[in-house]
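Trainee: My structure is below; once you've seen it, I'll send some questions.
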Amino acid sequence: MYLNTLAGRSYNDYMQYPVFPWVLADYHSEILNLTNPHTFRDLSKPMGAQTAERKHKFIQRYKEVEKSEGDLSAQCHYCTHYSSAIIVASYLVRIEPFTQTFCSLQGGSFDVADRMFHSVKSTWESASRDNMSDVRELIPEFFYLPEFLTNANHFELGCMQDGTVLGDVQLPPWADGDPHKFILLHRQALESDYVSAHLHRWIDLIFGHKQHGSAAVEAVNTYHPYFYGDKMDLNNIKDPLIKSTILGFISNFGQIPKQLFTKPHPSRNAHGKSLSGRESVLSLHSSGILPPFMSSLQNLKLSPVTIKGAVGAVLYFLS
75 MYLNTLAGRS
85 YNDYMQYPVF
95 PWVLADYHSE
105 ILNLTNPHTF
115 RDLSKPMGAQ
125 TAERKHKFIQ
135 RYKEVEKSEG
145 DLSAQCHYCT
155 HYSSAIIVAS
165 YLVRIEPFTQ
175 TFCSLQGGSF
185 DVADRMFHSV
195 KSTWESASRD
205 NMSDVRELIP
215 EFFYLPEFLT
225 NANHFELGCM
235 QDGTVLGDVQ
245 LPPWADGDPH
255 KFILLHRQAL
265 ESDYVSAHLH
275 RWIDLIFGHK
285 QHGSAAVEAV
295 NTYHPYFYGD
305 KMDLNNIKDP
315 LIKSTILGFI
325 SNFGQIPKQL
335 FTKPHPSRNA
345 HGKSLSGRES
355 VLSLHSSGIL
365 PPFMSSLQNL
375 KLSPVTIKGA
385 VGAVLYFLS
């Protein structure tokens, strides 16, 4: 979450909502084995490159599209994004205010039931293998909020083509139909040794040096130019129609987070050893990583300046 905050991601903005990775690739086993590397998603690759066949198709797309200025067919691997307002609202559609947000984005009603978020397994298969328009990642709620997986409000979400009434989200067998168990195991997977040893590779893709340029091309990790908000200078676009089109594109499909790192992110300390105090701050700063908020409270000292004023007054002081 700390990197999301630094990169401008916020719960207050659906278009720049915090993004979390898919960490598992096993949504079919009866028992989740967190000691088996095959249980996990390849964190060194974006969702569009999780299988060799899928990766090859996106590389071919990149090669076939000629570079163009101000055109929706600009050269890139992906014309959709891994995080957007509709993705966030679709994940959380069973709880308010996201239910109303989802309907608003869909023109006032729910989407076709088969296209709505109804199964963790099928959503993973779509985003990692089956659907060339789907490269979505996850949101933080997958690791702490079991309520979003149940239709406790009894919304009429429709019926799928096979006659199944859409209700609670279908969970993997290893969750035993229990949303709380799913969240618990999913959180354990996020904190597992495997993810700890490989998460920095995903950080490179989303927040780091593989977000832009030749490194992104090599990693099969380039998105439509309109997704890179910090690279688009809308003030220089005079045509109101073009500007409106670009803004609509960004609104519908999301934005790339601000780039935080220009060098490969270091892996998590394999020994679990953590530094404290000033040593920790200096170590993290020298490696290009900022320490977590309030990480050294024991070193804080009370300010000698007394700050007091009338209720509602804005005070200015120099330290």
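Using my numbering, the first residue of the sequence shown is number 75, and each one after it goes up by one. Glycine included, each C-beta is placed from N, C-alpha and C at the ideal position. Please read all numbers here as calculations on a predicted model, not as lab measurements.
I believe residue 294 touches residue 120 by the beta-carbon criterion, under 8 Å. Please report the beta-carbon distance rounded to the nearest angstrom.
Mentor: Taking 8 Å as the upper bound for CB-CB distance, residue 294 and residue 120 are in contact here, some 6 Å apart.
Trainee: Under three-state DSSP, which class holds residue 108?
Mentor: coil
Trainee: From residue 93 to residue 232, what does the alpha carbon distance come to, in whole angstroms?
Mentor: Looking at the two C-alpha atoms, the distance is approximately 28 Å.
Trainee: Hey, could you find the ends of the alpha helix (DSSP H) residue 174 is sitting in?
Mentor: 172-179
Trainee: What does a CB cutoff of less than 7 Å around residue 286 pick up in its chain, not counting 5 residues either side in sequence?
Mentor: 333
Trainee: At 4 residues or longer, and completely inside the stretch 209-293: list those alpha helix (DSSP H) runs for me, N to C.
Mentor: Note on the stretch 209-293: whole alpha helix (DSSP H) runs with a minimum of 4 residues are 253-264, 267-280 and 287-292, in chain order.
Trainee: Could you give the DSSP three-state label for residue 349: helix, strand or coil?
Mentor: With a pLDDT of only 36 at residue 349, under the threshold of 50, the placement of this residue in the model should not be trusted; the figure read from the coordinates follows. Coil at residue 349, not helix or strand.
Trainee: Excluding the 5 residues flanking residue 96 on each side, which residues of the same chain have their C-beta closer than 8 Å to its C-beta?
Mentor: 115, 121, 198, 201, 202, 211 and 212
Trainee: Under the rule that 16 or more other beta-carbon atoms within 10 Å means buried, what is residue 340, buried or exposed?
Mentor: Burial call: exposed.
Trainee: Can you list, in chain order, the residues of its chain whose CB lies under 8 Å from that of residue 107, leaving out five sequence neighbours each side?
Mentor: 100 and 113
Trainee: Which residues share a DSSP beta bridge with residue 152?
Mentor: 297
Trainee: My assumption, with CB atoms under 8 Å, is that residue 253 sits in contact with residue 214. Please give the rounded CB distance.
Mentor: Incorrect: roughly 15 Å between the Cβ atoms, too far for contact.
Trainee: Near residue 90, what residues of its chain come up, given a Cβ to Cβ distance below 7 Å and the 5 sequence neighbours on each side ignored?
Mentor: Sequence-distant Cβ neighbours of residue 90 in its own chain, meaning closer than 7 Å and more than five residues away, are 82, 83, 84 and 329.
Trainee: Are the CB atoms of residue 264 and residue 118 within a distance shorter than 9 Å?
Mentor: no
Trainee: Give a yes or no on whether the C-beta atoms belonging to residue 281 and residue 335 are separated by under 9 Å.
Mentor: A contact, by the Cβ cut-off of 9 Å.
Trainee: Let me know if residue 86 comes out buried or exposed under the rule of 16 or more other beta-carbons within 10 Å of its beta-carbon.
Mentor: exposed
Trainee: Just curious, the alpha helix (DSSP H) that residue 82 is in, first and last residue?
Mentor: Neither: residue 82 is in no alpha helix (DSSP H) and is coded neither H nor E.
Trainee: Pick helix, strand or coil for residue 184, following the three-state DSSP scheme.
Mentor: coil
Trainee: Grab me the residues of residue 88's own chain with a C-beta within less than 6 Å of its C-beta, minus the 5 sequence neighbours each way, in chain order.
Mentor: 159 and 162
Trainee: Under 6 Å Cβ to Cβ from residue 241, same chain only, skipping five residues before and after it: list those, please.
Mentor: 225
Trainee: By a C-beta neighbour count over all protein chains shown, 10 Å radius and 16 as the cutoff for buried, is residue 78 buried or exposed?
Mentor: buried
Trainee: Alpha carbon to alpha carbon, how far is residue 326 from residue 183? Give it in angstroms, no decimals.
Mentor: 17 Å
Trainee: Which residues share a DSSP beta bridge with residue 98?
Mentor: Its beta-bridge partners are 114.
Trainee: Is DSSP giving residue 202 helix, strand or coil here?
Mentor: helix
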